[in-house]
Structure formats: C-alpha cells, structure tokens
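S.K.: Got a structure for you, written out below as structure tokens; questions coming shortly.
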Amino acid sequence: MKNWVIAVLLVGLICAGVYGAEPTVAKTVTLDVTNTPVADVLKQIAKATGETILVEKIVSGNVTVNIKDASAEKALSAVTKTLNIQWRKIYVPDGSVLASDADALAAQMRTVLSVKFPDILITDAGAGGSFVHVQRQTAANEFLKTIPTSAGFKKVYLVTDDEKAYKKEVKDESKQKVAKYVADNRALLETFLKMTPEERAEVMKESVNMASQMDPKLLADMMSSMAQMNPDFFVMQNRIATEALINMSPEARRNLIRMSVRSNLEMMKSLPPEVLQQMQEEAAAVAMEMMNEQPK
12 MKNWVIAVLL VGLICAGVYG AEPTVAKTVT LDVTNTPVAD VLKQIAKATG ETILVEKIVS
72 GNVTVNIKDA SAEKALSAVT KTLNIQWRKI YVPDGSVLAS DADALAAQMR TVLSVKFPDI
132 LITDAGAGGS FVHVQRQTAA NEFLKTIPTS AGFKKVYLVT DDEKAYKKEV KDESKQKVAK
192 YVADNRALLE TFLKMTPEER AEVMKESVNM ASQMDPKLLA DMMSSMAQMN PDFFVMQNRI
252 ATEALINMSP EARRNLIRMS VRSNLEMMKS LPPEVLQQMQ EEAAAVAMEM MNEQPK
C-alpha cells in the first residue's frame, strides 16, 4: 500500500487536467472579492464546487479576484496567480491522512518530486509487490484515465507556496548546521577542560597554527561576520575575559599582558605605512563617533 500511495501521488502530480471518474457536469463558482484572505477565498471555491481543497499552512496573503461561472481549476488558477503560489490536483488513498492534512501531503509531494529515476512498472508477480513510477506526462495522463473508482483513491486539490517552503527549508537546514556546530564545540570544550595544562597549551598552539594556514580572504569574511553581530555580545565577551584576568595569578597576568603588547607591536610593524595610517584614522573616527553618541 505504501508503494501505491507514492506511485499514484506521483502520477497525479504530473497533470492538472480532469481524469478519472469526474461528475458529468462540474459545479462552478462565481467570485467577486477584494483584498480578502486567500484561505477564505479558497473555502468559498471548495464550498461552491464541492471539491476538496487543502491549503498548506504557510500559504498566506490577500487576493482580489473577479470571475464568473468558473470551474474549480480555473478559479484556483486565478487565485494562485495573484500571490504567485501553486495548486496541484493529486490522487491519494481515500481515508488516509494525506486526504485531509495539507502539510503532510505537501511534504510527501515534495519528497516524490525529488525522486529522480526512470519510469518503471513492477507487477505483483514474484516478491516485493507491485510498483508504478511514471514521470512522462503523456503516459501519466493515460494512467490517470484508467484509475477505477474501486481502487479507493480520492481527488484533492493542494495549494502550496513553494518559494516560501524552500526558504523555510533552507532556514531550517541553517539552524541545524548551527546547532550541530555548537554541540560539537561543546563536546570539544568538555574534552579540553579535562586536559592537563600542558595538553591545553599544545591544543591552543595547534589552533593558532591552523588559523595561520587559513585563506586570508576567509579570515576576512569571518571577521566581517563578527562585525555584524550585536555589540552586546562583545561587551559580554570582554566581561568574561576581564573576570578571567582577575582570577589569574599576578605572574600569569603580567605574562599575558606582555605577550598581547608584543603581538600588537609586531603586527603594527608588519603593516605598510599607508595601511597603518588608514587604521589609525578609522580608529580615531570611531572614537569620535562614540564620544558624540554619549548623552550630554
């Protein structure tokens, strides 16, 4: 049954024409709406035509439509065109969750559309059961005409916003990447804290070596990303660093200050004079801006 669900769902996606056991005379709908929520308009179409219209939750917006005695499909085309959203006619097993849950059907539809393999028909002879996969439109149309009522499939119309769904998918993937990176770093930090001082020093040394081997342009991109962050993050970072300095021994603190000053001096010596002058001018300009921002 699972194979048939996917197979017939795929076949139904290929064409938006009228196939199968349709009523001899299709009901029509007349619409004259202005700046009306699309969900309400689609409910009007479903009620007037008797069709099942499922709407993905991310579909939103208001529409202005004026059509007379239109079929369900003509009305759907007029409505979806105004918002640059999509509609599809799909056949699914009657009584299944796909026949009533728009989001579940939309997710299954996108899974099916992502499948890329040749047309194939497997009979029920032998092991594994039967399976049908047809993407060629002409062949798919013929298959749709032959689906009997007794097969137990129901026709539904699915309205989606493919662009918004894609953006949400990209955003979700981005969140997953960030979460994985944070989790990996937390695990590394726990390992680091269990090391001896000598082992930690070696790890930090290797980290510096890795950073020195990175592409300068990539490092610049990373610094640019930091520059776009909330300034409060750096305030918190400096507060943590200050607390760490306070808790260090005087000798360790002096050594750290000495290394920091020496590093900055070496960096300034390595800069071309014109670059150093530009950075000094930028620092002075930023300092002046911050002074002007202070309440008088």
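Per the numbering used here, the very first residue in the sequence shown carries number 12; after that it's consecutive. We put the CB at the ideal spot given by N, CA and C, even for glycine.
(1) What separation, rounded to the nearest whole angstrom, lies between the Cα atoms of A136 and K156?
(2) Rounding to the nearest angstrom, what Cα-Cα distance links V246 and D195 in this structure?
(3) Out of curiosity, what's the CA-to-CA distance linking F128 and N46?
(4) Taking the alpha-carbon positions, what's the A296 to E304 distance?
(5) Rounding to the nearest angstrom, what Cα-Cα distance links M290 and K175 in this structure?
(6) Between which two residues does the alpha helix (DSSP H) holding K85 run?
(7) Name the DSSP beta bridge partners of Q7, please?
(8) Run through the DSSP bridge pairs and tell me what D114 is partnered with.
(9) I need the boundaries of the alpha helix (DSSP H) containing D232, first residue and last residue.
(10) Between which two residues does the alpha helix (DSSP H) harbouring F245 extend?
(11) How should M221 be labelled, buried or exposed, when 16 other C-beta atoms within 10 angstroms of its C-beta is the threshold for buried?
(12) To the nearest angstrom, how far is the alpha carbon of V40 from that of Y168?
(13) Would you decide whether Q119 is buried or exposed? Buried here means 16 or more other CB atoms lie within 10 Å of its CB.
(14) Here's a check: name, in chain order, each residue in its chain whose Cβ is nearer than 7 Å to the Cβ of E62, leaving out the five neighbours to either side.
(15) Could you give the C-beta distance for N77 and L53, rounded to a whole number, given that I count them as a contact under 8 Å?
(16) Under 8 Å, do L87 and V74 count as touching if we go by C-beta distance?
(17) Starting from I56, trace the alpha helix (DSSP H) both ways and give me its first and last residue.
(18) Evaluate I96 with the Cβ neighbour count: other Cβ atoms within 10 Å of its Cβ, from every protein chain shown; 16 or more gives buried, anything less gives exposed.
(19) Grab me the residues of P48's own chain with a C-beta within less than 7 Å of its C-beta, minus the 5 sequence neighbours each way, in chain order.
(20) Counting C-beta neighbours from all protein chains within 10 Å, is the total for R99 16 or more, i.e. buried, or is it exposed?
(21) Looking only at its own chain, which residues have a Cβ that is under 8 Å from the Cβ of A89, when we skip the five neighbours before and after it?
(22) Please confirm whether E67 and V170 have their CB atoms less than 8 Å apart.
(23) Look up V70 in the DSSP assignment and say whether it is helix, strand or coil.
(24) What are the partner residues of I64, as DSSP defines its beta bridges?
(25) According to DSSP, Y102 sits in a beta bridge with which residue or residues?
(26) Pull up the CB-CB distance for G163 and D105, whole angstroms please, since I reckon it's below 8 Å.
(27) On a CA-only basis, which of T91, L65, S125 is nearest V103? Give me that one, please.
(28) Do K38 and A57 have their C-beta atoms closer together than 8 Å?
(29) K166 to Q187, Cα distance in whole Å?
(30) Taking the continuous alpha helix (DSSP H) assigned at L282, which residues delimit it?
(31) How many angstroms separate the CA atom of K85 from the CA atom of L124?
M.R.: Walking through what the data contain:
(1) Distance between the alpha carbons of A136 and K156 is about 24 Å.
(2) Roughly 25 Å between the two C-alpha positions.
(3) Rounded to the nearest angstrom, the two C-alpha atoms are 43 Å apart.
(4) Going by the C-alpha atoms only, they are around 12 Å apart.
(5) Straight through space, the alpha carbons of K175 and M290 are spaced by roughly 43 Å.
(6) Residue range 83–94 is occupied by the alpha helix (DSSP H) that includes K85.
(7) No answer is possible for residue 7: the residues shown for the chain start at 12 and end at 307.
(8) For D114, DSSP assigns no beta-bridge partner whatsoever.
(9) From DSSP, the alpha helix (DSSP H) with D232 extends over 227–238.
(10) That run of the alpha helix (DSSP H) goes 242–257.
(11) Answer is exposed; the Cβ neighbour count stays below 16.
(12) Between V40 and Y168, the alpha-carbon positions lie close to 15 Å from each other.
(13) Burial call: buried.
(14) A83, Y168.
(15) Incorrect: roughly 16 Å between the Cβ atoms, too far for contact.
(16) In this structure, L87 sits away from V74, with a CB-CB distance that is not shorter than 8 Å.
(17) If you look at I56, you'll find it in the alpha helix (DSSP H) that goes 49–60.
(18) Classification of I96: buried, given that the 10 Å Cβ count is 16 or more.
(19) So the qualifying residues of the chain are N73.
(20) Classification of R99: buried, given that the 10 Å Cβ count is 16 or more.
(21) So the list reads L42, V76, I78, A81, once near-sequence residues are dropped.
(22) For the pair E67 and V170, the CB atoms are nearer than the 8 Å cut-off.
(23) For V70, the secondary structure class from DSSP, reduced to helix, strand or coil, is coil.
(24) DSSP lists Y168 as the beta-bridge partner residues of I64.
(25) Paired residue(s): K166.
(26) In this structure G163 touches D105 by the C-beta definition: roughly 5 Å separates them, less than 8 Å.
(27) Checked all of T91, L65, S125; the closest Cα to V103 is L65.
(28) Remark: C-beta atoms of K38 and A57 do not approach each other more closely than 8 Å.
(29) Distance between the alpha carbons of K166 and Q187: 36 Å.
(30) Per DSSP, L282 lies in no alpha helix (DSSP H) segment and is marked neither H nor E.
(31) Spanning the two alpha carbons is a distance of roughly 24 Å.
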